[in-house]
Structure formats: structure tokens, C-alpha cells
Amino acid sequence: MKANVWTGRNHLEVRDVPDPQILNARDAIVRVTSTAICGSDLHLVDGYIPTVKKGDVLGHEFMGEVVEVGSGVRDLRPGDRVVVPFPIACGACFACEDGLYSVCENSNPNAGMAEKLMGHAPAGIFGYSHMLGGFPGGQAEYARVPFADVGPIKIEDDLPDEKVLFLSDIFPTGFMGAEMCDIKPGQTIAIWGAGPVGQLAAASAFLLGADRVIVIDRFPYRLRRAQRTGAEILNYEEVKVLDALRDMTGGRGPDACIDAVGMEAHHPTPAMYAYDRGKQAARMETDRPYVLREAIMACRNGGVVSVIGVYGGFVDKFPMGAFMNRSLTIRTGQCHVQRYTGPLLDRIRAGEIDPSFVISHRMPLSEAPRAFELFKNKQDECNKVVLTP
Amino acid sequence: MTDKFARALGWTSLALGTAQLVAPRAVTRLCGVDDAPGATTVARLVGGRELLHAALLLGAKDPAQWAWTRVAGDTMDLGVLGRAAANRTGTRRTRALCALGAVAGISAIDAVCARRGTAKAKGPLKVHASITINKPREEVYRFWRELENLPSFMVHLDSVRSLGQGRSRWKAKGPVVDLEWEAEIIDERVGDLIAWRSVPGTGVSTAGLVSFTDGPGGRGTVVDVSLEYGMHGRELAAAVARMCGEHPEQQIRDDLRRFKQVMETGEVVRSEGSPEGHRALRQLRQRPAQPIGGRA
Ligand SMILES: NC(=O)c1ccc[n+]([C@@H]2O[C@H](COP(=O)([O-])OP(=O)(O)OC[C@H]3O[C@@H](n4cnc5c(N)ncnc54)[C@H](O)[C@@H]3O)[C@@H](O)[C@H]2O)c1
Ligand SMILES: [Zn+2]
Ligand SMILES: [Zn+2]
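Read top to bottom, the protein sequences are chains V and X.
So for the first sequence, my numbering puts the first residue at 2; every next one is plus one.
So for the second sequence, my numbering puts the first residue at 35; every next one is plus one.
Next up, the structure:
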């Protein structure tokens, strides 16, 4: 089969690889009908996530048709249409029982590796490094889905792929980002990053009752997309974010701040950017935490900083004083997708939201490397790419 | 403690070796042998040897045993200085005798360190690990009590066969020869703990203890495991070390994680990056995360 394979930092290739086969009784093989490129994939391609190996198949946002199931899968059969959550979760452990699927205790066969870096190991994730399991991803014609009786959600035929594909990751992620803000009526939520995740976080914040949402980025075309959710926008290359947010919130600051950017944030001041970029290149710091720092500084006293942007290792100059003295709360995590697929599918079905509004490009899987270029370099107003095998 | 001591000796070797290489003449004068032809060359050679000691003592995982190399060096030096003192008179003789005394003192320290190091290396290998399994205590206990189940999650074991009456035959893969021994259960409290040890005279000296307690808040079962492997004989010690890997603690933790997977999900979870599920070293020798060929 054809698959999008990582062949080195900033190098991808669509290659022929063997077809997947059942390895565990609770596996299913899915023929992928739609798959997407995520901001998280960029961190990987850029080489900031450790333990990625040449030959790894990428992709963690995918859906398709079940073609084979292992002997332990009862509720799925060939022909079923499913969307597959990106974290792999067993459904039976302590974490899964508590709905914390992205930290499932059983789904990462390489937990020992992750433990060395992070103390304890998170769940396995499709196509997302060996430390997170060494599972091939879904930017391929077929994918093996472990714990197929837990993760995949069945979709009736009437909904097109594009409306439900993002249940695999970015819609639940944006939603969880907003949910972690504990939104109450009358509140204002600020969101850094007008990428697809930030846009869906904005839409979700409104679904959860936010009064105002302010989205921050520097790409006008992305800000325009965010604006369509009803959000106000700030271009950080044109205004001082902290001052603007203070002015817009009666001097108090947003009630909650969402970091939808993560470890590869950009900084408008060249010197600041050079400082962290240099440290990152020298591997003295793995992540560039501008957004995290700014979100903490901006948040109102006693507010919540919700971090859904992905971080890989260590950050410098974390404003612990502001964080501690102003009674802030940080909430974070890889999304516990399995917790949200059902309820969010209901919202899509009820017409409350159609997450396909983020799509800007539709391309064949064979053009995955070019699609990554467009998405990474923000060319051709690229916002979100859906690939079809 | 012993290791810290050994490292300190390593630093001493480094300083001494460097001095002998950089300023051989000063060293020979200090020892009263500067009149001998080729004295500086000998000093340089001895300096090189000191650096070798330093490398071993500062670089090795268990440095103390390597103090033996220093003891050997000391013996050599004592011989040379002894002869030098006997053949000389006056100030040179006094200097040589002083050096002789100093080296004798140091060699006593080296010997103590080396002996402690050897004792430590010969001591049993002990590991401990703990995990919480989301299943009732009875069930977890029963699975472990079927000792034949152990190889399904313990990488270093090939098979365990029950012989009845609490006795069992264990096989493990060694680097050259396979290890085999007979074990007996020496204590057992249903649902609480199982303790076993190898029957004396069956090749490997090993013991294990596993205990089961209710998890906090009544959720699941805490499993605590302690394993001990004795090191009788050089060959066996090497085999056991290889079998348990570079990081035995890590390995037993991984074993328990697989035990948990079997209990909670029904089998060991596999990925294409580590497809064998439970082979030793699988985390080091990852395949790319792409489907395994063969059938397709
Ligand atoms: N927690 C999860 O489960 C989860 C799931 C999916 C994605 N993510 C993460 O969410 C983040 C966003 O994903 P995406 O797909 O939208 O990525 P993206 O790369 O398309 O979007 C990131 C946006 O952040 C903007 N940005 C960069 N620096 C900024 C700054 N200083 N201030 C404001 N905006 C800035 C960029 O211009 C870009 O538009 C990534 O880190 C991704 O890894 C997390
Ligand atoms: Zn993603
Ligand atoms: Zn789980």
C-alpha cells in the first residue's frame, strides 16, 4: 500500500510499504477514506519530537471502512464506517475508567522510553514517535487500529467524511481546550493560534456559552476564518497583545486563555525569537514557550490557562511568579478524544456545528509532501488539508 | 560509597599520570632516580599507565573492582623504587625511600577499595518493582500463581513448567548457554503473597517474592515484586547479568507493565515498532513504525 513516510527532518515521501496485519485480537484494519494533516505533525516533521525513526508512517487523523477485525472485536464488522481517535486507549485501565484516554496505562508498548523523558508514560498515539508507541499512522491506504472495540466511533452513511473526520482529533481538542476553561456566562476567552485547532476552540467556546472570544495570530487569512466563528481578532504583529487584551477586558484580562500554538511559537520581536530559537537549535531548550508565557501574563487573576498546543520537552523562563501569586490554574493534555466523540457527533448531527469549515485544501495522498509544505509555510492560504488515498 | 572512593582514586591517577607526562623530570628528581639513563622515558610510560587506571576507574559502571589495576601498578612501582633505594646513597636514597613509603601507603588503600569492589560485584543482583492492576486481588494472584504464565510477560524467561507439590522447572535464555533451574515455593498465602527460591544445587541461585494488596480506594491490586539472582561462578554471573540486561530495574518494570496488559486487556500490546510484544531489548531495536511485511 501507499503511505506517507518520514525519511528525515523536513523530508517526507509517499512510498510503498507492506499492508498492515492484525497483531492483537482486539485490532481492526481500516481502509482509510480520508485523512488530515495536523499542526502536531509539523512538530514531528520539524524534528522536535524525540524518537521518530526513518521509515515511520505519519498521520493520526483518519477515518475509513473496516475491512478486517481480530477475534476479540465484537461490535465492529467489515463494512462499518468509522472515525478513529488519535490516542490509542484500552478502555479498561484506571485512566480509561476515569475518561483520561490519552494517558491510558496499557496502550504504549514503549512506555519505558517515555518514562525516561517524562517520569511516567502517556498513551500510544498513531504515527507519533516511538516513545509514544511506535504505531504507524493513518496517512496511508490502510491502518491497523488497536483496541478497535474502544476507540473508533461508527458513522451512519448519511454524513459525509468531511463533516465527521475531525472527530478524530481537532474538534474534540478544540472542545476540550474550551471545556478546561470552565466557561461561565459573561466570560471572555482569549485564544492564541488561529490554526484549525484555535478556530475549533473558538467555535467550541461559543458552544459552551462564552460571551466573547478573542483569537490571536499574525496571518490575516487565518484570523478571517476565526472571525467567522463570531470571535474578535488580534494581529500580534500590529498590536501589543497584553495591552490590547487589557483594553478589551476592562483592565482585568481574559477569564481564561487557551494556548493553541504549542512548542513552535513564533515571536514578533526578532531578538526574543532568536534567543529561544538558538537555544532550541542547540538543544538546550526543546520548546519555544512565548505563547505560554504570554497567556499566563495576560490571564485575569484566578483565571485558567488551558494548554492544548503540544509541548515536547522543557521550557525556559516560565513565569512562575505570576502564575503562583495570581492564583492561576493550568489545565492541559493531549485530548481524551474518546470522551468527546459521541457527544460531539450528536452536536454535528443536530446541526449545531459543522467542523468542515476549517478545510482549505483537498489533495490526493500521493501529494502529501507538497501538502505538508503548503500547510507548514502557510502558502496558498493553507488552513487545513484533507488527503484522500 | 565504595564506588565514590574508587572514583576519587581515579582522579588521583589522572593527576599523577598528567604530572608524569607533562613534567617527567621533576617526578624522577622527587623519587631520587634522576641519575638513571632513560628515567624520564620510564616516568612517561608509568604516567600513561596511570591514565589507563584513571579511565577505568572514572569510566566504568562498577569502578571499585578496577582498583585491582592500581594494585598491580603499585606492585610494579614498589619493585622499581626498592631497587633504586638499594643502589643509591645520600639524598637520592632518602628521596627514594620516601617515595617507597608513600607508594606502600597508597597501595594499601587501593587494595582495600579493590577488595570491596569485588565483594560488591559478587553480591546478588536484587531488583524491585511495583504496579497497580485494575483487577480484583484474587484474580491477579491466581494468574501469577500459575507460574507457567510468567514467561508470557517476563522477557528473560523461556518457560516455567510446574512439577507439582510447589516445585517447578524454569528455563531462561542465556547469551551462550541456556540457564535452567528448579524452584520451590517456600511461602504462600492465598491472595496475599507467593515466595519461591531455587532448589540448592540446581545451577542458578535465585529467589522471588510477590505480594498482592488492595489498591487505594479499593481500586485494583498493588503488585510488589522482588527478585534476587545469586552470582556463583564467573560464567553464571555473566549469564545472569546478560539475561537481566543493562538495566534490570527497567526490565522488571517493563515485565510488570506487560503483566498489567495481560490482566487488563487480555494480551501483551504490540506495535509495529516493537512487534514481538515481549522480547528483550525490543525497545532498543525498534523497527520503523510501518506495517510488518510478510503476509501482504
Ligand atoms: N492537545 C491535543 O490533543 C492536540 C491535538 C491537536 C493539535 N494540537 C496542537 O495544537 C496546536 C495547533 O494546531 P494546529 O493544527 O492549529 O496548528 P497550526 O500550525 O496550523 O496553527 C498554529 C497557529 O499558531 C500561530 N502562532 C504561532 N506563534 C504564535 C504566537 N506567538 N501568538 C499567536 N499565534 C501564534 C501560527 O501562526 C499558526 O496559525 C499545535 O501545537 C498542535 O500540536 C494539540
Ligand atoms: Zn492532530
Ligand atoms: Zn487504558
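Glycine included, C-beta positions come from ideal geometry on N, C-alpha and C.
Of the listed residues V:PRO147, V:VAL15, V:LEU43, V:ALA122, nearest to GLY73 of chain V (C-alpha basis): Residue mapping note: residue 73 of chain V aligns to position 72 of the first sequence, counting from 1. In terms of Cα proximity to GLY73 of chain V, the closest of V:PRO147, V:VAL15, V:LEU43, V:ALA122 is V:PRO147.
In the structure shown, what three-state DSSP assignment does THR62 of chain X receive? Translated into positions along the second sequence, residue 62 of chain X becomes position 28. If DSSP states are grouped into helix, strand and coil, THR62 of chain X belongs with the helices.
Three or more C-beta pairs under 8 Å: does that hold for the stretch 163 to 170 of chain X against the stretch 129 to 145 of chain X? Verdict: no, contact absent.
List, from N- to C-terminal side, the alpha helix (DSSP H) runs of 4 residues or more that fit wholly inside the stretch 63 to 149 of chain V. Within the stretch 63 to 149 of chain V, the complete alpha helix (DSSP H) runs of at least 4 residues are 95 to 98, 112 to 119.
Do ASN107 of chain V and GLY134 of chain V have their C-beta atoms within less than 7 Å of each other? In the first sequence, the residue the question calls residue 107 of chain V occupies position 106. In the first sequence, the residue the question calls residue 134 of chain V occupies position 133. For ASN107 of chain V and GLY134 of chain V, no; Cβs fall outside 7 Å.
Return the CA-CA distance between VAL15 of chain V and THR34 of chain V, expressed in angstroms with no decimal places. For the purposes of this step, residue 15 of chain V is identified with residue 14 of the first sequence, where counting begins at 1. For the purposes of this step, residue 34 of chain V is identified with residue 33 of the first sequence, where counting begins at 1. Across the structure, VAL15 of chain V and THR34 of chain V are spaced so that their CA atoms are roughly 16 Å apart.
Which same chain residues, not among the five before or five after ALA330 of chain X, have their C-beta less than 8 Å away from its C-beta? Position 296 of the second sequence, counting from 1, holds the residue named residue 330 of chain X. Caution is warranted here: a pLDDT of 38 is assigned to ALA330 of chain X, below 50, making its placement in the model unreliable, and the coordinate value is therefore given only provisionally. Exclusion of the five residues before and after ALA330 of chain X leaves no residue of its chain whose Cβ lies closer than 8 Å to its Cβ.
Going by beta carbon distance, what residues of the same chain come within less than 6 Å of ARG253 of chain X, once the five residues before and after it are set aside? Position 219 of the second sequence, counted from the start, is the residue given in the question as residue 253 of chain X. The answer is none, since no qualifying residue turns up.
Can you tell me which of V:THR389, V:ARG363, V:PRO390, V:SER367 puts its alpha carbon nearest to the alpha carbon of ASP381 of chain V? Taking the first sequence and counting its residues from 1, the one referred to as residue 381 of chain V is at position 380. The residue from V:THR389, V:ARG363, V:PRO390, V:SER367 with its alpha-carbon nearest to that of ASP381 of chain V is V:ARG363.
Cβ pair HIS162 of chain X, SER260 of chain X closer than 7 Å: Here residue 162 of chain X refers to the residue found at position 128 when the second sequence is read from its first residue. Here residue 260 of chain X refers to the residue found at position 226 when the second sequence is read from its first residue. Closer than 7 Å, so yes.
Report the CB separation of VAL198 of chain V from ILE309 of chain V in whole angstroms; it is logged as a contact under 8 Å. Taking the first sequence and counting its residues from 1, one reaches residue 198 of chain V at position 197. Taking the first sequence and counting its residues from 1, one reaches residue 309 of chain V at position 308. A Cβ-Cβ separation of about 6 Å places VAL198 of chain V in contact with ILE309 of chain V under the 8 Å criterion.
Check the Cβ-Cβ distances between GLU173 of chain X and every residue of chain V, and say whether any is below 7 Å. Sequence index remark: in the second sequence, residue 173 of chain X carries index 139 (1-based). For GLU173 of chain X, not one C-beta of chain V is nearer than 7 Å to its own C-beta.
When every heavy atom of ligand 1 is checked, does at least one fall within less than 6 Å of the C-beta of SER41 of chain V? For the purposes of this step, residue 41 of chain V is taken as residue 40 along the first sequence, with counting starting at 1. Yes; taking the cut-off as 6 Å, the Cβ of SER41 of chain V has a heavy atom of ligand 1 nearer than that.
So LYS164 of chain V is in the alpha helix (DSSP H); what residue range does that whole segment cover? In the first sequence, the residue the question calls residue 164 of chain V occupies position 163. That run of the alpha helix (DSSP H) goes 162 to 165.
What did DSSP end up calling ASP212 of chain X once you bin it into helix, strand or coil? Start at 1 with the first residue of the second sequence, and residue 212 of chain X comes out as number 178. Annotated three-state conformation of ASP212 of chain X is coil, per DSSP.
Output needed in chain order: residues of the stretch 89 to 105 of chain V with a Cβ under 8 Å from some Cβ in chain X. Taking 8 Å as the Cβ-Cβ cut-off against chain X, the residues of the stretch 89 to 105 of chain V that qualify are CYS91, ALA93, CYS94, PHE95, GLU98.
Taking just the CA atoms, how far does VAL338 of chain V sit from SER103 of chain V? To locate residue 103 of chain V, count along the first sequence from 1; it is residue 102. To locate residue 338 of chain V, count along the first sequence from 1; it is residue 337. Taking the straight line joining both Cα atoms gives about 8 Å.
Is the Cβ of ASN168 of chain X closer than 7 Å to any Cβ of chain V? Within the second sequence, numbered from 1, the residue matching residue 168 of chain X stands at position 134. Taking Cβ atoms only, chain V reaches closer than 7 Å to ASN168 of chain X, which makes this a yes.
Would the beta-carbon of VAL240 of chain V fall within 7 Å of that of ILE217 of chain V? Residue numbering aside, residue 240 of chain V sits at position 239 when the first sequence is read from its first letter. Residue numbering aside, residue 217 of chain V sits at position 216 when the first sequence is read from its first letter. No, these two residues do not count as a Cβ contact at 7 Å.
Please list the terminal residues of the continuous alpha helix (DSSP H) segment that includes ALA73 of chain X. As a working note, residue 73 of chain X is residue 39 in the second sequence. For ALA73 of chain X, the enclosing alpha helix (DSSP H) starts and ends at 73 to 93.
Exposure of MET325 of chain V, with buried meaning 16 or more beta-carbon neighbours within 10 Å: Your numbering for residue 325 of chain V matches position 324 in the first sequence. Answer is exposed; the Cβ neighbour count stays below 16.
With a threshold of 7 Å between beta-carbons, can ALA163 of chain X be considered close to chain V, or not? For the purposes of this step, residue 163 of chain X is taken as the residue at position 129 of the second sequence. For ALA163 of chain X, the nearest beta carbon of chain V is not closer than 7 Å to its own beta carbon.
Would you mind sorting ASP76 of chain V into buried or exposed? The rule is 16 or more other CB atoms within 10 Å of its CB. For the purposes of this step, residue 76 of chain V is taken as residue 75 along the first sequence, with counting starting at 1. Classification for ASP76 of chain V: exposed.
Closest Cβ-Cβ distance between GLY135 of chain X and chain V: below 7 Å? Translated into positions along the second sequence, residue 135 of chain X becomes position 101. Output row for GLY135 of chain X: interface = no.
What I want to know is whether the C-beta of CYS1 of chain V ends up closer than 6 Å to one or more non-hydrogen atoms of ligand 3. Absent from the structure is residue 1 of chain V, since the part of chain V shown begins at 2 and ends at 390.
Exposed or buried, what is ASP69 of chain X when buried is set at 16 or more other beta-carbons lying within 10 Å of its beta-carbon? As a working mapping, residue 69 of chain X is identified with position 35 in the second sequence. Label assigned to ASP69 of chain X: exposed.
Taking 7 Å as the threshold (C-beta atoms), are PHE187 of chain X and ARG292 of chain X in contact? Within the second sequence, numbered from 1, the residue matching residue 292 of chain X stands at position 258. Within the second sequence, numbered from 1, the residue matching residue 187 of chain X stands at position 153. In this structure, ARG292 of chain X places its C-beta atom within 7 Å of the C-beta atom of PHE187 of chain X.
Identify the residues that DSSP records as bridge partners of ALA130 of chain X: which are they? Locating residue 130 of chain X in the second sequence gives position 96, counting from the first residue. According to DSSP, ALA130 of chain X bridges with nothing at all.
Check whether the stretch 365 to 377 of chain V touches the stretch 339 to 354 of chain V, taking contact to mean three or more Cβ pairs, one atom from each stretch, closer than 8 Å. Contact fails: fewer than three Cβ-Cβ distances are below 8 Å.
I want to see whether chain V comes within less than 7 Å of GLN320 of chain X, judged by CB atoms only; does it? Here the question's residue 320 of chain X lines up with position 286 in the second sequence. Yes, GLN320 of chain X counts as interfacial toward chain V.
Are the C-beta atoms of ASP162 of chain V and some chain X residue less than 7 Å apart? Indexing the first sequence from 1 puts residue 162 of chain V at position 161. Taking a beta-carbon distance threshold of 7 Å, ASP162 of chain V does not count as an interface residue toward chain X.
Indicate whether at least one CB of chain X lies closer than 7 Å to the CB of LEU13 of chain V. Along the first sequence, read from residue 1 onward, the residue named residue 13 of chain V stands at position 12. Closer than 7 Å: no.
Roughly how far, in whole angstroms, is the beta-carbon of ILE184 of chain V from the beta-carbon of GLY152 of chain V, given that I think they are within contact range, below 8 Å? Stepping through the first sequence from its first residue, residue 184 of chain V is reached at position 183. Stepping through the first sequence from its first residue, residue 152 of chain V is reached at position 151. Under the criterion of beta carbons closer than 8 Å, ILE184 of chain V and GLY152 of chain V do not qualify as touching, at roughly 28 Å.
Reduced DSSP category for LYS379 of chain V - H, G, I as helix; E, B as strand; rest coil: Here the question's residue 379 of chain V lines up with position 378 in the first sequence. LYS379 of chain V: coil per DSSP, three-state reduction.
Cβ of VAL292 of chain V within 6 Å of any heavy atom in ligand 1? For this step, residue 292 of chain V is matched to residue 291 along the first sequence. Checking the Cβ of VAL292 of chain V against ligand 1 gives yes.
Rounded to a whole number of angstroms, what is the C-alpha to C-alpha distance between ILE220 of chain X and TRP204 of chain X? Stepping through the second sequence from its first residue, residue 220 of chain X is reached at position 186. Stepping through the second sequence from its first residue, residue 204 of chain X is reached at position 170. C-alpha separation (whole angstroms): 16 Å.
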